[in-house]
Structures are given as structure tokens and as C-alpha cells.
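Chains as they are written, first to last, in my numbering: chain A, 1 to 328; chain B, 329 to 618. Glycine included, every Cβ here is placed at the ideal spot set by N, Cα and C. Model, not experiment: these values are computed from the prediction. Notes follow once the structure below has been shown.
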């Protein structure tokens with residue numbers, strides 16, 4: 001029982017510190033904390049599909065950007081919606097797109113899905129760059145609202161909700177068991193009566209919708225967006241690295257990876273400015289993690305999780321003869 | 329009508345060059361079961377090799393082609409076994425890990441090239457640059473003709489190798505069923521390294537040609553990765569014959585959009601087509617996919 005209590009106390013302490021943070025630090029550090037919360041939340045959002053369902057999404061920035069653009073367009077001079085009304089609108093639009101992309105491609109091998117999502121994000125960049133109503137490459141501005149505390153608490157609430165939903169759905173419910181079952185062996189899961197296509201689609205929509213919420217807050221926060229800044233591939237790259245670094249399919253791994261990498265990003269930015277070298281570091285980080293730490297940082301803390309995965313894989317491999325595996 | 333024919337010809341010539349590296353891409357997928365995001369990175373590296381050989385050593389850009397094959401073939405031969413190990417490891421989800429690895433490799437190459445060589449665009453100078461050939465009402469830049477001839481030679485050589493040699497038979501057998509190929513005595517691990525090396529070498533050669541026809545900068549790698557994916561989706565992943573048809577189609581689509589709609593729309597058109605094909609007929613319109 002002891003580790004459980006320790007974990008709960010740690011969680012309460014972290015929430016307490018986060019809630020009091022705006023009173024403890026100046027605006028500069030508060031902005032960095034807001035960014036760290038956003039990335040921790042985005043990493044979790046990517047992990048919902050990538051980690052729990054085992055489908056890699058290389059175009060997650062599409063949903064982040066959709067949330068941002070819907071908010072930016074609705075809050076513009078013509079419509080002037082209030083911010084909180086634009087968030088659900090962005091969620092609905094994102095969910096629709098997720099269904100359109102996911103329904104046909106989630107039935108296939110993960111590779112097709114990865115290509116489709118990647119292509120979708122690139123279509124949106126190109127589309128937003130050539131259309132007039134999105135402001136083209138120049139982008140669009142939003143009515144400025146300069147209250148750092150509001151954005152800090154908005155990101156905090158969004159991130160906390162994302163983690164809470166992920167915990168409740170994927171660690172504590174039948175739905176989570178279904179998702180993990182189809183990830184570990186899709187055929188077996190289907191034989192158990194799980195409607196795998198539907199479950200995958202639901203997971204994908206959830207993952208997309210959470211990303212759109214962060215996009216909406218981000219757009220309002222920075223008050224100016226353009227196609228590269230919200231749809232750009234670098235955003236997806238960063239999410240992928242954060243999750244791989246933290247631990248694919250673990251609840252807290254993405255938070256560790258997200259906050260850790262974001263702080264590294266800010267440090268590099270402070271000392272060297274906006275540099276292409278960071279892209280190389282991201283790439284090297286992905287390669288190194290895949291080669292030497294495939295279960296991420298989180299696996300260092302819980303050996304049980306890392307081991308049980310390997311054992312299960314071996315058992316499954318023996319049962320079905322694993323036609324992909326070949327001789328080792 | 330002349331414009332139409334001219335566009336068609338341009339598209340087919342470019343499509344021929346695209347075909348060389350997409351055939352290799354399909355082959356690598358068939359044998360390794362890995363989607364290689366890094367394909368665009370190899371194309372760009374080949375282009376830079378051509379540029380630096382021409383600008384630094386003062387030799388003709390086309391001379392870089394065999395060197396690109398040897399150099400990047402060797403690099404690919406070293407990377408192949410790593411990919412094979414990750415793809416066949418006993419960790420959870422090796423397929424995703426291999427995908428993430430090539431994605432990381434691509435990001436590393438792009439970031440490294442941006443850091444080393446900056447955002448500037450270079451063109452690979454050759455003896456034929458600026459010359460053109462008149463065929464009736466049509467004019468064709470000689471570089472494109474030469475590139476298409478090279479491409480046809482490479483693709484033809486590859487097909488002969490695949491369908492007329494014992495080793496080609498082993499490669500095709502492995503792509504069809506690894507387990508059975510292994511039972512017949514094929515060393516899958518070594519074959520994977522060879523195929524990845526062959527593919528990386530061919531892709532870098534195509535990169536020299538692309539650099540001579542268009543130009544090269546670190547960001548265009550994304551475009552070539554997209555081309556490879558487009559062809560893979562249209563032809564069906566792993567289909568080598570379909571790749572040739574799909575690559576020619578891609579070249580023609582791009583040329584027509586660039587001529588009649590505007591070149592800023594060509595990427596949008598390609599993505600949209602790719603996307604529609606995935607939605608309507610996800611296993612490829614040629615239906616040969618794995």
C-alpha cells in the first residue's frame with residue numbers, strides 16, 4: 001500500500017504547486033509554465049491514440065491547428081464570438097474531420113493511417129496558405145487579451161482534464177481494456193466480440209478533440225497564428241518525441257517527456273535563439289530513444305509495466321506463429 | 329494543343345525520375361516491412377553531393393551519380409541491419425518503433441542539413457544545363473531528357489535484376505513471405521541490409537538527377553517523401569510494377585496542375601489526390617498492395 005499513498009501525496013503536492021504558481025513567479029516564468037502545461041497536455045493527447053491504441057499519428061498538428069483556426073476565424077471582426085463559445089465549435093469541427101479521416105484508414109495497417117494523417121496535416125498547411133479567408137501565408141490575428149494568469153489557468157484546466165479523462169477511460173474502465181486488447185492483438189480482440197473499428201475511431205476522435213482545445217487556447221494566447229505556426233510538422237515531431245521519451249502508452253510518461261523536452265527547448269532558445277539545430281536534436285532524440293530506451297523514461301520507474309509487455313508479446317508470438325516476425 | 333503536349337511530355341519525363349526512387353522505396357517496404365520516412369532525406373543528400381562535387385571539385389554534376397550510388401549504398405547497408413533489428417525486436421509494437429525510427433532519421437537529416445548548409449537553394453550544374461532539344465513544336469530541356477534516360481536505365485536494370493537473377497528471385501520471395509524464404513535458406517538479415525543499401529543508393533542517384541532538373545535545399549526532402557508515399561498509396565504498398573505507373577501519373581498530375589492552375593496549388597492537388605485515394609480505395613487504385 002505504501003507506494004500508492006506516496007503517489008497520491010505526490011500528485012496532491014504537484015497540483016497544489018501548480019495552482020499556487022501564478023503567485024510565486026513572474027510573468028516570464030509563468031509563460032514558460034503555461035507552455036509546459038500545453039505540451040504535457042498535447043503529448044497526452046497524442047498518446048491516447050499512439051500509446052493506448054497503437055496507431056501512430058504523424059499529422060496530429062492538423063487537429064491542434066484546426067482548433068486554433070476555428071477560434072481565430074470565429075473571434076475575428078466579422079463574427080466576434082466570445083472565446084468560450086469558439087472552443088466547442090472547434091471541437092465539433094475537429095471531431096468531424098477525425099471521423100472523415102479515421103473511418104476509412106483505421107481499418108487498415110497502421111502504415112496507411114500514418115501516411116493519411118501526415119498527408120492531411122500537409123493538405124491543411126497548403127490549404128490555409130493559398131486561401132483568402134484564412135489570411136494565406138500571412139496568417140490571422142485575434143483580439144488581444146493580455147492576462148497571463150487567465151491563460152495559465154486555462155491551460156492548467158485543459159491539461160488536468162485531459163489527464164483525468166485519460167486516466168478514467170484508459171486506466172480504470174472497460175473501454176480502456178478494449179483499446180489495449182486491440183492494440184496488443186487485434187484479431188484476438190475481434191474474436192472476443194470487440195468492435196475494433198468503432199473503438200479505434202472513438203479513441204482517435206477523443207485524441208483529436210483534446211488537441212483542438214489546446215489549439216484554441218494557444219491561438220487566443222499568442223493572438224496571432226499562421227499556417228506554419230499551428231499546422232507545422234515540427235509540432236507533431238515534438239509531440240512524438242515527448243511521448244516516446246516519456247513512455248509510449250503510460251499515463252505519466254507524456255507529462256514527464258512533455259515538460260522535460262519543453263524546458264530543454266526553452267533553454268536552447270534562450271542561449272542560441274531559434275535554430276535549425278533543435279530539429280536535428282529532436283531527430284537524434286527519436287532515434288536514440290527507439291534504439292536504446294523503447295519503453296521511455298516511465299519504464300525506469302515501473303519495471304512491472306516494461307516486463308509485462310515483453311512477456312505478453314512473447315506469449316502472443318508463440319500462440320499465433322507471428323508471420324511478420326520471421327526467424328530471429 | 330502544343331501546351332498540352334508540352335506539359336504531358338514534361339510530366340512523363342519527371343515521372344520517370346520519380347519512378348526510380350519510388351521503386352526502391354516499394355522494394356524496401358516489401359522486404360523490411362518498414363515505411364521509410366527518410367526517403368526524401370536520401371534524395372536531398374544525393375542532390376547536395378552533386379552540387380558540392382560540381383561547385384567544389386569543378387566536375388560535371390552527372391559524374392556524381394555513380395559516387396552517390398556507392399556512398400549512400402554503403403550508408404544504407406549499415407543502416408539496414410539496425411532497421412531490421414528494430415522491426416523484428418521483441419519489444420511491444422515493433423512496427424511503430426521502426427516507423428518512428430525512420431521518422432526520427434528523416435528529422436535528424438533535415439535538421440542536420442539545415443544547420444550545416446542553411447536554407448539556400450542550389451542547383452546541380454551539368455554540361456547539359458541550359459541546352460534544349462526541339463522536337464517539332466515542343467522544346468525539351470536536355471537535362472530532363474538525360475535524366476529520364478538515366479532513370480529508364482536504372483529502372484530497367486533493377487527490373488532485370490529482380491526478375492532475371494537468382495538474388496532477385498530471393499528478394500521477391502522474401503517480399504512475398506519471409507518465413508518461407510527463410511526456410512528455403514535465404515539469409516533475411518543480410519538480404520535486408522543489401523536491399524536497404526540498394527534502395528538508398530538508387531534514391532541518392534535520383535537525388536542528383538532531381539538536383540540537376542530542379543534544385544536542392546534541405547526543405548524539399550518533405551516533397552520527395554510525399555512523392556514516395558503518393559506512389560505507394562496509389563500502387564499499393566510494396567507493389568513494384570504499380571510504382572512505375574503511379575510515378576508517371578504523379579509526374580503528369582503535377583505538371584498539369586502547375587501549368588494550368590498554378591504551381592502553388594500543385595502540392596495541394598497531390599495531397600488531395602492522395603487523400604481521396606486513401607478514402608475511396610485505401611489499398612491503392614491498382615489493388616496490388618500488401
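The Cβ atoms of residue 59 of chain A and residue 120 of chain A lie closer than 9 Å to each other. Around the beta carbon of residue 447 of chain B, a 10 Å sphere encloses fewer than 16 other beta carbons of the protein chains shown; the residue is thus reported as exposed. Fewer than three beta-carbon pairs drawn from the segment 357–370 of chain B and the segment 329–344 of chain B are found closer than 8 Å, and the two stretches are therefore not classed as touching.
In summary, residue 144 of chain A is exposed, with fewer than 16 beta-carbon neighbours lying within 10 Å of its beta-carbon over all protein chains present. Chain-order list of chain A residues neighbouring residue 421 of chain B: 54, 183 and 248, by C-beta distance under 8 Å.
Annotated three-state conformation of residue 466 of chain B is strand, per DSSP. In this model, residue 62 of chain A and residue 72 of chain A are separated by some 15 Å (Cα to Cα). Residue 509 of chain B sits close to residue 498 of chain B, with the two beta carbons spaced by under 9 Å. Listed along chain A, the residues sitting closer than 8 Å to residue 425 of chain B by beta-carbon distance are 290 and 294. Boundaries of the alpha helix (DSSP H) around residue 156 of chain A: 148–166. No residue range can be given for residue 172 of chain A, since it is assigned to no alpha helix (DSSP H) and is classified by DSSP as neither H nor E. Interface with chain B (9 Å Cβ-Cβ cutoff): residue 50 of chain A is included. The shortest C-alpha to C-alpha distance from residue 609 of chain B to any of B/582, B/594, B/565 and B/581 is the one to B/565. Put simply, the CB of residue 449 of chain B is far from chain A, with every gap to its CB atoms at 9 Å or more. Of all residues in the segment 226–241 of chain A, only 237 and 240 come within less than 7 Å of chain B when Cβ atoms are compared, listed by chain position. With contacts defined by Cβ atoms closer than 9 Å, residue 378 of chain B and residue 389 of chain B form a contacting pair. Burial check for residue 460 of chain B: the Cβ neighbour count within 10 Å stays below 16, so the residue is exposed. Spanning the alpha carbons of residue 128 of chain A and residue 109 of chain A requires a straight line of approximately 29 Å.
Scanning its chain for C-beta atoms nearer than 6 Å, with the 5 sequence neighbours on each side dropped, one finds around residue 181 of chain A the residues 189, in chain order. Between the C-alpha atoms of residue 57 of chain A and residue 387 of chain B there is a straight-line separation of about 44 Å. Cβ atoms of residue 278 of chain A and residue 268 of chain A come within 8 Å of each other, at about 6 Å. Restricting attention to alpha helix (DSSP H) runs no shorter than 4 residues, the segment 556–618 of chain B encloses them at 568–588 and 594–608, ordered along the chain. Shown here for residue 442 of chain B: same chain residues with a beta carbon closer than 6 Å to its own, the five before and five after excluded, namely 546 in chain order. In the structure shown, the three-state DSSP call for residue 140 of chain A is strand.
Each residue's CA atom was taken as its position, placing residue 602 of chain B and residue 529 of chain B some 26 Å apart. Only residues of its own chain outside the window of five on either side were considered, and among them 169 have a CB closer than 6 Å to the CB of residue 175 of chain A, listed in chain order.
Residue 544 of chain B sits in a strand when the DSSP states are folded into three classes.
For residue 374 of chain B against residue 512 of chain B, the beta-carbon gap comes to about 35 Å, at or over 8 Å, which does not count as contact.
Bridge pairing for residue 460 of chain B: B/469 [DSSP]. Distance from the CA atom of residue 462 of chain B to the CA atom of residue 474 of chain B, rounded to whole angstroms, is 14 Å. Using beta-carbon distances, residue 266 of chain A does not count as an interface residue toward chain B, since no partner is under 9 Å.
Apart from sequence neighbours up to five positions away, the residues of its chain that approach residue 539 of chain B with a beta-carbon distance below 8 Å are 374, 375, 376, 378, 379, 389, 450, 451 and 452, ordered along the chain. With respect to residue 519 of chain B, residue 115 of chain A sits apart: the two C-beta atoms are not nearer than 9 Å.
Shown in chain order are the members of the segment 90–110 of chain A whose Cβ falls below 7 Å from a Cβ of chain B: 104, 105, 108 and 110.
For the pair residue 354 of chain B and residue 563 of chain B, the CB atoms are nearer than the 9 Å cut-off. Neighbours of residue 478 of chain B in chain A, taken as residues whose beta carbon is under 7 Å from its own, are absent, since the nearest beta carbon is some 28 Å off.
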